[in-house]
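*Asks:*
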Amino acid sequence: MKQFYGFILKIFAPLRLCVFGFILFSSSIAQTLAPGGPGQDAQWATAGKQGVGTSATLESKVWFTLAEGVMTEVYYPDVTQANVHLLQFVVVNPKTKRVETEKDDANHKIESLSINLRNDISPISDLDIYKNYSSPSSLSYKQTNSSKNGDWSIEKIYVTNPKNNSVVISVKFITNNPDNQLYVYYDPSLANSGMGDSAWSQGNALVSSDKDKSSALTCRKCKFEELTNGFLGTPGDGLVQLKKDGKILDAFARAENGNVVQMAKITPVFSNSFDLGNGIVIQTGKIKTVYSKGYNFEISLGFGNTADEALKTAQESLVKGFEKNYQEYQVGWISYLKGLPKVEPKYQAQFNMAAMQLKALEDKTHRGANIASLTVPWGGGDNANENNVGGYHLVWSRDLYQVATAYIALGDRAAASRALDFLLNIQQKPDGSFPQNSWLDGRPFWNSLQLDEVAYPLILAWQLDRFDRPTYENHLKKAADFLVRNGPWTPQERWEEKSGYSPSTIAAEIAGLVCAAEIARRNKDEASATVYLAAADDWARKVEMWTATTNGKYGDGNYYIRLSEKGRPDAGEKTVLNNNAGAFPENEIVDAGFLELVRLGIKAPDDPLIVKSLRVVDQVIKVETPNGAAFYRYNHDGYGEMDDGRRWNWDGKYTGKGRLWALLSGERGQYELALYGARREKFYAAEKSLPRNLTPAERSIAEVEAAARRRLDAMLGFANEGLMIPEQIWDKPETPKADSQFVPELKFGEGTGSATPLAWSMAQFIRLAVNLKAGKNLDTPDVVYDRYVKNGIPPQAANFGTSDQSVTLPVRAGEKFRLDRQTVKGAKVVVFYEGRTEFVPVDENGRFTLEINAPEKEETGIVAAALPGGATAFERVKLISLGKAATPGFSAETIEKLKNAKTSPLFEDGKPILFYRGAAQSVMVAGDLTSWSPGRIFMQKPAADLFAVRLDLPPAARTEYKLIVDGKWMTDEFNPNKLDNGVGSENSVLAMPSYEPTPWDRGAMTRGRLETVEIESKVWNETRKIQVYVPQVQGKVQLSLKKSNPFYPVVYFQDGSDYLNRAKAVEIQENLVAAGRVRPFIMVFIDYKDRMKEYWASDDYARFVATEVVPAIDEKYRTIRDREGRAIIGASLGGVTSVWVGLQYPEVFSRIGGQSPSFWVDDERVVKALEKLDAAPDKFKFYLDDGAFEGTEDTRRVNVLLRAKGYSVTYFEGPTGHNWTAWRDRLAAAFVAFLN
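And the structure:
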């Protein structure tokens, strides 16, 4: 090209002086500097693009966008820097002074173009560039704009020169009025800003510059006349002049430092030579004047670091000619498309376009960096005057993961690997995290943290087999370590608005950690793998507890919500939504993000809670559009146009109303494809095809696959004429016109002014299309699916506590701290502390010792365990050395009070202070607050022989505890409130001022009668004694079987004597009966002989109760002798055993209760049985309760699980511990639930 360019200069050198003289003449009649700078504020064009183009080559680093009939932003030299606001043509009738612009005064049509080439991709001679084909073969487009009165039309075809930085446009102008004249109007916005530009005329070119960014616009087969440069909206603006005078009367040669606009009249040149400006003339050969009512010409817009470079670039492309550029451009893209998979024919055109768009959005210098979109959402003036606007032309880790998985689906693993390399080598921070988003060099743009964006690179690394040690140690381990230290709570979820517990984020975290664990194992780092899996398992067990409500507004109240800020989805806490959308209870905000739990292999698609939650999604956030069903991100979303069409952020206060998101239909399609696979697996071998005569079950399989296909059809319909799939689509039949400058014509089921195309939307289309052809979700990590769906979530290991407590150690920074712990023989225990991950020896009796150096500042410590039976545990605490606590210590006044206090606790500002006086090395508090495990609450030593700790408890809390002084357990000698409550013998009791014990055990006089009944047990081969309470009827105790007496329901209790004496079951019943709250009922109190044997979900014990105790009671008393008349209940081990007995003998019991049930026993065997329970709502009625201080995770999980299956569950939770007082306080609620 350089040789050819020099050749042209030599041949036409004599013409230089002539052209130079013309330039001088032109300059003499033009005024020098345009007035009115800097002009009106700059704007970015609408984000509703109909076309985005670039070459498939790396040499050409220029990208164009098309919308509303014109060319909008052009990016150079990378995908983050916009340099153009607008380039369009203007038709003027100077006689009538009628002025019409392409953008505002024409009907618009756009087509993506295709050509046919031979298999070897050789160019075709005499290429007809105006021919349109049904399936795009490149990112070339034809815009056709026609006047609304039919007076004229303009056809434009766009490409870039594959070998330099220019956009080349073939233009055909047709007019029915010979008086019509054509002008080109160019609004540069160089260096990512509309301000600070300078513009001037230079021969047959319009040139502009801003620091190191320059552009030059010139033409072929035409010349520019009436060239002028001005400031937007001022009298010097060429368009303003045309609208006033019908011509350019005041031509300005230059406009400096402002929001410049440039204009020139197009005059066709019909000759065999053509002047490019600057003395360059080329031979064109014989010119064919094909159009008697118009003419065709070529425009080139070149870019460079200098004005000379930009002009030279533009001229080179015109020397080559449009047809040559077009052919090379097409060949490059066809070469790329040849390697892509084929999908169903109806989807192939959109599939090709989506694939090309993803490739186009990858930067050509910073390889692997795919931006989200070449747009600023809704355009407008937000930061358009400055050069710091990011819009969507930034890199998000989450979006890049979505794109990379689409690359994998396309078979382009090299592109996916480049994406992972960018994430790890450019974007990842030293601590292992990733920024919310970034520029191409990794500099963060927004500064929040989204933990799904930390997790997705781990999943991607697994999918790409990136198992090498350097990648693991330098990148993947850092990311996984960051997750286990900080997850699952996230500062922002995937919608970038709220902090809290998000099901979609937690799904990514779980999957990422499982993938990281397997990569760790391949690198022989078993200790880290143990930690990662323990954390993933823990979060998989608790995700429902954190993110599923049981008392919501919709359906039966049981469904996943968008997010719970504090992990309490049933608390009814208000959440303030972004974009001025208002405040609502958390459990009223519905979001389908929980489907990521299925896509990533954590939950089965037919999981009852998933299925129920989808019904709520369809009820609350689904809209049927003319193109198919679509979904909001969540109800009350504020990110989108107003109802009258005003763009989002129209008021500068981020006000709007969220619309439907196209990609969510694809996510739903992937869920339905997962459900299709699950159902198919149950009925068919993998290779067996569907039979012709379908059974109902087989028909359901076909229907769900068809549903997935309909989602792809919907996405196909959401795309615009240029095959761009938007971020959002309009959700109403009404089509408002407000803000049409930034919002395209709004049509029901079609795109809005949001980012179009969105890379995530395009990637989702690709994934669903490929997955449909494969019959399964190829992006589901098999290692995650196998662990959780195929084999079931591992149970919680016993003897380990909860996470995220703060512990002030009894030693100072740098000193050794030791703590003895207990687990089971053969357990693997790992400590993760101060960046080291190490196994801890466990002896033959399951004992192990934790030993650390106390930290200089707050440090996270993690203990992970994996038991031989498969159970896992994850504990995480924040460790603070003595004297380093961030919370204030004890004042001199408080210390003096503690020295002289007669009773404990001492209350200050509503907070209790426990203390110990005496010589000691260390004093700990253990009890309900620590799951009775030592090493969680250490007293500080504010003075000699004085130890104290300030607790932060809910106002109505009640908790039991002991002190551990130098290893010796004892009650608090200064606390007179002590009680032998059946757990840990005598304990000290701390009751907060607002605690109120149950009123139902007071003042009752026993009106019934207790009787001891002997059971000759064949199960135990001995006689067992039980106690039976029969209520009074009409003042008489009724024990006989006379038919005049009523029939009674019966409640069977485990730990019978404790329910009689400690839980006051008789008193509570009689008070409830007297108050009319329940009907009288018989109570059967069963005691154990070997608690651990009989209450360990024992089949023998279940048989004893159901086949021996129940028949004996029915024979002796006037009972309701069917399952509807029987309930069974217990506490702790007795609670889990009650559930087990009920499940084993559903023909005997219909009501099952558990107070603080120990679901952890036997590796959660009872929970697994509940998971397999059929969804038969009439089968059982459940009562469950738990104390917040004893670890509620498993009971909450069971509550959600049962409700998801449709069962009636009464659930209570209070600020209490694991003791008989707590169970007594809640027993009345159990009776009402069973017997009301």
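With the sequence shown counted from 1, adding 254 to any position gets you this note's numbering.
Yeah, the Cβ is synthetic: ideal placement off N, Cα and C, and Gly gets one too.
These figures come from a predicted structure and were not determined experimentally.
If you scan the region 488-523 from start to end, which runs of the alpha helix (DSSP H) of 4 or more residues do you find wholly inside it?
*Replies:* Whole alpha helix (DSSP H) segments, 4+ residues: 492-499.
*Asks:* Need the endpoints of the alpha helix (DSSP H) that residue 308 sits in, please.
*Replies:* Position 54 of the sequence shown holds residue 308. That residue, residue 308, is in no alpha helix (DSSP H); it is neither H nor E in DSSP.
*Asks:* Return the chain-ordered list of same chain residues with a C-beta closer than 6 Å to the C-beta of residue 1197, the five sequence neighbours on each side being excluded.
*Replies:* Counting from one through the sequence shown, the residue named residue 1197 turns up at place 943. So the list reads 1149, once near-sequence residues are dropped.
*Asks:* From 1221, 564, 1436 and 792, pick the residue whose C-alpha is nearest to that of residue 463; which is it?
*Replies:* Position 209 of the sequence shown, counted from the first residue, corresponds to residue 463. The shortest C-alpha separation from residue 463 is found at 564.
*Asks:* If I'm right that residue 847 touches residue 756 with Cβ under 8 Å, what's the distance once you round it to whole angstroms?
*Replies:* Numbered from 1 along the sequence shown, position 593 holds the residue referred to as residue 847. Numbered from 1 along the sequence shown, position 502 holds the residue referred to as residue 756. The pair is a contact, with the Cβ atoms about 6 Å apart (cut-off 8 Å).
*Asks:* Take the Cβ of residue 1459 as the centre, count every other Cβ of all protein chains shown within 10 Å, and call the residue buried at 16 or more, exposed below.
*Replies:* Start at 1 with the first residue of the sequence shown, and residue 1459 comes out as number 1205. So residue 1459 counts as buried.
*Asks:* Thinking C-beta only, is residue 1351 closer than 8 Å to residue 1402?
*Replies:* Counting from 1 along the sequence shown, the entry for residue 1402 is found at position 1148. Counting from 1 along the sequence shown, the entry for residue 1351 is found at position 1097. In this structure, residue 1351 does not lie closer than 8 Å to residue 1402 by Cβ.
*Asks:* Could you tell me whether any non-hydrogen atom of the ligand SAM is closer than 7 Å to the CB of residue 1094?
*Replies:* This structure lacks the ligand SAM; in fact it carries no ligand of any kind.
*Asks:* Shortest alpha-carbon distance to residue 405 belongs to which of 396, 430, 412 and 1330?
*Replies:* Indexing the sequence shown from 1 puts residue 405 at position 151. The option with the nearest alpha carbon to residue 405 is 430.
*Asks:* Does the region 1013-1029 come close enough to the region 622-629 to have 3 or more Cβ pairs within less than 8 Å?
*Replies:* These segments touch.
*Asks:* Would you mind reading off the limits of the alpha helix (DSSP H) that contains residue 562?
*Replies:* Residue mapping note: residue 562 aligns to position 308 of the sequence shown, counting from 1. Start and end: 561-574.
*Asks:* With three or more beta-carbon pairs closer than 8 Å as the criterion, would you say the region 922-933 touches the region 953-968?
*Replies:* With a cut-off of 8 Å, the region 953-968 and the region 922-933 count as touching, because enough Cβ pairs lie within range.
*Asks:* Excluding five sequence neighbours on each side, which residues of the same chain lie with their C-beta closer than 6 Å to the C-beta of residue 1438?
*Replies:* Position 1184 of the sequence shown holds residue 1438. For residue 1438, where only same-chain residues beyond five positions count, the Cβ hits under 6 Å are 1408, 1449, 1453 and 1465.
*Asks:* Starting from the Cα of residue 875, find the closest Cα among 558, 857, 1330 and 916 and give me that residue.
*Replies:* Counting from 1 along the sequence shown, the entry for residue 875 is found at position 621. Selected option, being the one with the closest Cα: 916.
*Asks:* Locate the alpha helix (DSSP H) running through residue 596, then write down its first and last residues.
*Replies:* In the sequence shown, counting from the first residue as 1, residue 596 sits at position 342. No alpha helix (DSSP H) contains residue 596, which DSSP labels as neither H nor E.
*Asks:* Take residue 1496 as the anchor and find which of 286, 303, 292 and 285 has the nearest alpha-carbon.
*Replies:* The shown model of the chain, from 255 to 1490, leaves out residue 1496, and the question about it has no answer.
*Asks:* Could you give the distance in angstroms between the alpha-carbon of residue 1489 and the alpha-carbon of residue 1356?
*Replies:* Taking the sequence shown and counting its residues from 1, one reaches residue 1489 at position 1235. Taking the sequence shown and counting its residues from 1, one reaches residue 1356 at position 1102. Going from the Cα of residue 1489 to the Cα of residue 1356 covers about 23 Å.
*Asks:* For residue 747, which of helix, strand or coil comes out of DSSP?
*Replies:* Counting from one through the sequence shown, the residue named residue 747 turns up at place 493. Residue 747 falls in the coil class under three-state DSSP.
*Asks:* Give the range of the beta strand (DSSP E) segment to which residue 558 is assigned.
*Replies:* Here residue 558 refers to the residue found at position 304 of the sequence shown. Counting along the chain, the beta strand (DSSP E) containing residue 558 begins and ends at 548-558.
*Asks:* Check the C-beta distance from residue 344 over to residue 355 and give it rounded, since I have them as a contact under 8 Å.
*Replies:* Position 90 of the sequence shown holds residue 344. Position 101 of the sequence shown holds residue 355. Contact flag correct, Cβ pair sits at about 5 Å.
*Asks:* Could you give the DSSP three-state label for residue 907: helix, strand or coil?
*Replies:* Position 653 of the sequence shown holds residue 907. Correct three-state label for residue 907: coil.
*Asks:* Do residue 1336 and residue 1283 have their CB atoms nearer than 8 Å?
*Replies:* Within the sequence shown, residue 1336 is the residue found at index 1082, counting from 1. Within the sequence shown, residue 1283 is the residue found at index 1029, counting from 1. Yes, the pair counts as a contact, with Cβ atoms nearer than the cut-off.
*Asks:* By the 10 Å Cβ neighbour count, where 16 or more other Cβ atoms means buried, how is residue 891 classified, buried or exposed?
*Replies:* Locating residue 891 in the sequence shown gives position 637, counting from the first residue. When all chains shown are included, residue 891 counts as buried.
*Asks:* Three-state secondary structure (DSSP) at residue 1165?
*Replies:* Against the sequence shown, residue 1165 aligns to sequence position 911. Here residue 1165 sits in strand by DSSP.
*Asks:* If we ignore side chains and look at the alpha-carbon of each, how far apart do residue 642 and residue 711 end up?
*Replies:* Residue numbering aside, residue 642 sits at position 388 when the sequence shown is read from its first letter. Residue numbering aside, residue 711 sits at position 457 when the sequence shown is read from its first letter. Their Cα atoms are separated by approximately 27 Å.
*Asks:* Check whether the Cβ atoms of residue 1085 and residue 1063 sit closer than 8 Å, and answer yes or no.
*Replies:* Within the sequence shown, the letter at position 831 stands for residue 1085. Within the sequence shown, the letter at position 809 stands for residue 1063. No; because the gap between Cβ atoms is not below 8 Å, this pair is not in contact.
*Asks:* In the DSSP assignment, what are the bridge partners of residue 347?
*Replies:* Residue mapping note: residue 347 aligns to position 93 of the sequence shown, counting from 1. Its beta-bridge partners are 352.
*Asks:* Measuring CB to CB, does residue 734 end up less than 8 Å from residue 655?
*Replies:* Looking up residue 734 in the sequence shown gives position 480. Looking up residue 655 in the sequence shown gives position 401. Not in contact: residue 734 and residue 655 (Cβ atoms no closer than 8 Å).
*Asks:* Quick check on residue 1378: does DSSP put it in helix, strand or coil?
*Replies:* Stepping through the sequence shown from its first residue, residue 1378 is reached at position 1124. Here residue 1378 sits in helix by DSSP.
*Asks:* Would you tell me roughly how many angstroms separate the C-alpha atoms of residue 792 and residue 919, rounded to the nearest one?
*Replies:* For the purposes of this step, residue 792 is identified with residue 538 of the sequence shown, where counting begins at 1. For the purposes of this step, residue 919 is identified with residue 665 of the sequence shown, where counting begins at 1. When rounded, the distance between both Cα atoms is 31 Å.
*Asks:* By DSSP's criteria, residue 1409 is part of a beta bridge. Which residues make up the other side?
*Replies:* In the sequence shown, the residue the question calls residue 1409 occupies position 1155. For residue 1409, which the question treats as bridged, DSSP gives the partners 1385 and 1439.
*Asks:* Starting from residue 780 and walking both ways along the alpha helix (DSSP H), at which residues does that stretch end?
*Replies:* The count along the sequence shown starts at 1 and reaches residue 780 at position 526. Note, residue 780: alpha helix (DSSP H), 780-801.
*Asks:* Could you check which residue in 1117, 613, 639 and 1005 has the C-alpha nearest to that of residue 782?
*Replies:* In the sequence shown, residue 782 corresponds to position 528, counting from 1. Residue 1117 is the option with its Cα nearest to residue 782.
*Asks:* For residue 519, which option in 509, 477 and 483 has the closest C-alpha, if you only look at C-alpha atoms?
*Replies:* Stepping through the sequence shown from its first residue, residue 519 is reached at position 265. Looking at the Cα atoms, 477 is the closest of the given residues.
*Asks:* Quick check: the region 1091-1100 against the region 1164-1175, are there 3 or more CB pairs under 8 Å?
*Replies:* Short answer: they don't touch.
*Asks:* Whose C-beta lies closer than 6 Å to the C-beta of residue 567 among residues of the same chain, with five residues either side of it excluded?
*Replies:* As a first step, residue 567 is located in the sequence shown; it is residue number 313 there, counting from the start. The answer, listed in chain order, is 418, 419, 420, 556 and 558.
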